[in-house]
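Some notes on the structure that comes next.
2 protein chains.
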Amino acid sequence: MSSNPKPLAESEEEQQQLVTPWEVSAKQGGKIDYDKLIDQFGCQRLDQSLIDRVQRLTNRPPHVFLRRGVFFAHRDFNDILDAYERGDKFYLYTGRGPSSEALHLGHLVPFMFTKYLQDAFKVPLVIQLTDDEKCMWKNLSVEESQRLARENAKDIIACGFDISRTFIFSDFDFVGGAFYRNMVKVSKCVTCNKVVGIFGFTGEDHIGKYSFPPVQAVPSFPSSFPHLFSGKENLRCLIPCAIDQDPYFRMTRDVAPRIGYNKPSLIESTFFPALQGETGKMNASDPNSAIYVTDTATNIKNKINKYAFSGGQDTIENQRKFGANIEVDIPIKYLGFFLDDDAELEHISTEYGAGRMLTGEVKKRLIEVLTELVERHRRARAAVTDERIPLAISLGVKLLQVETLFAVATLRLGTLNQKDPHSEKVKRFLQLFRDGGRVLGVASDGETQ
Amino acid sequence: MSSNPKPLAESEEEQQQLVTPWEVSAKQGGKIDYDKLIDQFGCQRLDQSLIDRVQRLTNRPPHVFLRRGVFFAHRDFNDILDAYERGDKFYLYTGRGPSSEALHLGHLVPFMFTKYLQDAFKVPLVIQLTDDEKCMWKNLSVEESQRLARENAKDIIACGFDISRTFIFSDFDFVGGAFYRNMVKVSKCVTCNKVVGIFGFTGEDHIGKYSFPPVQAVPSFPSSFPHLFSGKENLRCLIPCAIDQDPYFRMTRDVAPRIGYNKPSLIESTFFPALQGETGKMNASDPNSAIYVTDTATNIKNKINKYAFSGGQDTIENQRKFGANIEVDIPIKYLGFFLDDDAELEHISTEYGAGRMLTGEVKKRLIEVLTELVERHRRARAAVTDERIPLAISLGVKLLQVETLFAVATLRLGTLNQKDPHSEKVKRFLQLFRDGGRVLGVASDGETQ
């Protein structure tokens, strides 16, 4: 469809670095050039003054991902802070495409950061599980995509969100009603040529791909969630995500004013590097490229010792003499994400770079940090039982309107059938509404608070 | 996007006759060549033996639209009759794009025929109101499209369907859940090039158009309606429609076996001619090209006397001498649709063609027939009050499962808000379900039968 060949120079440049929602690759053998990405996408760098402002407004230290530049770019984040300073609330929107059974550490990054933002600003959060997208892109069955969405939801819930302010939904369950009406409004404003330009689809791609961008766009608009935001259609939206998702939201921001909605703001992260080195995102098809939240302590130890790319010298003598190249050292990078103590990180980096620490010692510290993180996650996930999860997903919101019942019920039934033991809970839940009255809050076990 | 120019011969042919879901035009000054259309689309002619078979199976005279070739083409209609003869049921699916306030006589044709089929075979019926399509193609607001859908629903209900076997839904209300999951399944099987080939979209068309064909496709599959057809996923579907809708269902039939579903069967009509002559469908933007169900007796009389194209001679003397050309005479065509009495129609045609009847006499009889039809429709429509219609739309089905509650509730809430007086009815309706029990039938006033 884009039959015009691109100018050679641009085409060469694209071969060097490619960042789309489905493919991330640095130029040959190199790292992603994030400065170039900011220029190319037209977003803004998240500078120190913004980070200081976040600290001031939230009255707490900025998250390690802010302090260390993991979240490094934004679009109109200052508008969100302006609004917050005026006393206006906003809401957070993030998501996940459920394409694998277990999440790896890179998948946790946006959720850990979103949890921090939710805690710091005390705002509602919607989490979209794009099971429809993965069904179409990864050629999974509908049922398998939905199963993965449910499994991934457990890992997301385990990140510790404020369940009274969080709404997690699967597209296969939730698309419809106000959400679908917004999809149609967005679709009307985006030509085929436009999505081809943004996403690089071809004529041989199926129309599901052409249909999907509005699905990811509309959670940016509060009117897509009448059960949450009825009467608050002007609420601003902040989207924490990895920068490869930027194309969806460029499109969304382009459309928003044309349909009378606010543009969502974004706060965007770098990619979490593979164990083998920082040349892009991790490769889901290679289990040894990442630490998974299901890895045992032994797995973690072996993977880091065997695969984590080291910037240290090849012999102890050389290491003592020349020190490590910490710019390419994966254990240092990983500690940069997950070791909270700035002083300790600084100490390790200095000592290791100067040759006074060895790779083995740095890896040992990383193994401790990750083992603890994964163990903590495992315990939290274990508490999210099959029994609790559908209610946790669907009822983790203040229920203020009778409409909610139907959104919730529809959502629930997407995952249930008549013979499912949960349908007893639905019936119990229905009873709460039998007089059509208001229910101010429902705990995750289905009882009113 | 279809950058290859078509061979000249084919392109010339297309200029002569164009039939798409959005445009119907005969070759210059001529009529639609339906034989050519059957060849071009690859459907089959509905022959006398099939009509005789319908008569035998239903034990009643075939509908006037069958006897007189209004429904003239089909796809696998014989499979439906085979199944029926074996004692298997099927269901009917038809629809309407709500783009105008009032329906004209041409709009009624598929609904009148569908009512006959429902009565004759005693089968369930789903009616899709594609308000999403019209919002996108006609650039109507979401709210205006939904309003037109509700208005049109009243005219459809007035056609007298068996409300206990009929489910009328608007896409804006109903898309979601199993319906949306089927949309994704279909979308995965249709490339962009394919819809460009079938529907002629261009790169400058918006992606809503590319997304829509699966929405019209999936009512062909019983699994899109779990509240109606749960456990009957192999039920066959018969679609009565005008032949301009064939492209949607060619696509649907192509996809069906690839996703494990039966191909729908079709029974397809010619177009209802404009008052000004038989060169295509009526032009919605010219109110004088059609008789509307809202026209008064005076309107009808004036329109027919003034605009109905006559095949009669220009003077009484010439008419007596040469007779009328009944092949191009619109009053005769219209009587062919709506005058049930075969003997009377035969008599009028013969006398008029032989010059023993004058145009004025034929028009007078047509005015009587249409005035009565429109008056009957008006009375039936008046009985469909605003108060009754949402329940008639959503509850006109046997409610066999608790799931139904949620489909119905979702549907209802698409058209309601908190302040709507109907929400009282929803609450009452919910009470019926408070013990989670089965409800075997709900009448259109919301009470259990």
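Protein chains in written order, with the numbering used here: chain B, 468 to 916; chain S, 468 to 916. Every residue gets a Cβ at the ideal spot worked out from N, C-alpha and C, and that includes glycine.
Would you list the one or two residues that DSSP bridges to residue i?
i, result
"ILE635/B", "ILE594/B"
"ARG703/S", "PHE557/S"
"CYS708/S", "GLU735/S"
"PHE538/B", "SER736/B"
"ASN492/S", "At residue 492/S the sequence reads Ser, which differs from the Asn that was named. Note: SER492/S sits in a beta bridge opposite LEU485/S."
"GLY744/S", "ALA741/S"
"GLN511/B", "HIS541/B"
"ARG563/S", "LEU596/S"
"THR658/S", "HIS673/B"
"GLY924/S", "Given that chain S is displayed from residue 468 to residue 916, the structure contains no residue 924/S and the question cannot be resolved."
"HIS571/B", "TYR759/B"
Using beta carbons (cut-off 8 Å, strictly below), is residue i in contact with chain S?
i, result
"THR487/B", "no"
"VAL662/B", "yes"
Excluding the 5 residues flanking residue i on each side, which residues of the same chain have their C-beta closer than 7 Å to its C-beta?
i, result
"ARG512/S", "ILE505, PHE539, ALA540"
"PHE668/B", "VAL662, LYS676, TYR677"
"ALA616/B", "PRO565, LEU596, ASP598, SER637"
"GLY820/B", "GLY790, ALA791, ILE793"
"ALA587/B", "THR525, ARG527"
"ASP830/B", "Before going further, note that residue 830/B is Lys rather than Asp in the sequence given. The residues are ILE771, ASN772, ALA775, PRO798."
"PRO714/S", "THR487, PRO488, ILE665, PHE666"
"MET579/S", "CYS626"
"ASP577/B", "In the sequence on display, residue 577/B carries Pro and not Asp. Once the five neighbours on either side are set aside, the close Cβ partners of PRO577/B are THR561, PRO707, CYS708, ALA709, SER736."
Whose C-beta lies closer than 6 Å to the C-beta of residue i among residues of the same chain, with five residues either side of it excluded?
i, result
"GLY863/B", "Note on GLY863/B: pLDDT 33, under 50, position unreliable in the model; no value is reported."
"ASP711/B", "VAL486, PRO488, VAL491"
"PHE696/S", "PRO689, LEU702"
"PRO686/B", "TYR560, VAL593, GLN595"
"LYS800/B", "PRO740"
"GLN613/B", "ASP598, PHE639"
"LYS699/B", "PRO689"
"GLY744/S", "PHE776"
"LEU705/S", "ILE547, PHE557, LEU559, SER732"
"VAL609/S", "CYS602"
"CYS510/S", "ALA540, ARG542"
"ASP809/S", "none"
For residue i, which residues of its own chain have a beta-carbon under 8 Å away from its beta-carbon, when the five flanking residues on both sides are left out?
i, result
"ILE767/B", "ILE758, ILE834, LEU837, THR838, VAL841"
"GLY627/B", "LYS582, ALA847"
"LYS503/S", "GLN484"
"PRO521/B", "Per the sequence shown, residue 521/B should be read as Val rather than Pro. Same-chain partners within the cutoff: PRO529, LEU533, LEU548, ALA587."
"ASP807/B", "VAL531"
"ILE518/S", "PRO529, LEU533, ARG534"
"LEU802/S", "LEU812, ILE815, VAL829, ARG832, LEU833, VAL836"
Does the beta-carbon of residue i, which I'm using as the reference point, lie nearer than 7 Å to any heavy atom of the ligand ADP?
i, result
"ALA775/B", "This structure lacks the ligand ADP, and indeed carries no ligand of any kind."
Looking at chain B, is there any beta carbon in it that lies within less than 8 Å of the beta carbon of residue i?
i, result
"GLN484/S", "no"
"THR782/S", "no"
**Request:** Give the residues from the stretch 669-683 of chain B that approach chain S closer than 9 Å (Cβ to any Cβ), ordered along the chain.
**Result:** THR669, GLY670, GLU671, ASP672, HIS673, ILE674, GLY675, LYS676, TYR677, SER678, PHE679, PRO680, PRO681
**Message:** Along the stretch 639-660 of chain B, where does the CB come closer than 9 Å to a CB of chain S? Name the residues.
**Reply:** PHE639, ASP640, PHE641, VAL642, GLY643, GLY644, ALA645, PHE646, TYR647, ARG648, ASN649, MET650, VAL651, LYS652, VAL653, SER654, LYS655, CYS656, VAL657, THR658, CYS659, ASN660
**Request:** Compile a chain-ordered list of the residues in the stretch 591-613 of chain S whose CB is closer than 8 Å to at least one CB of chain B.
**Result:** Hits within the stretch, in order: ASP599, CYS602, MET603, ASN606, VAL609.
**Prompt:** For the stretch 684-703 of chain S, which residues have a beta carbon sitting closer than 8 Å to at least one beta carbon of chain B?
**Reply:** Residues passing the 8 Å Cβ filter: none.
**Request:** Any chance you could list the alpha helix (DSSP H) runs of at least 4 consecutive residues sitting entirely within the stretch 760-796 of chain S, in chain order?
**Result:** 764-774, 783-789
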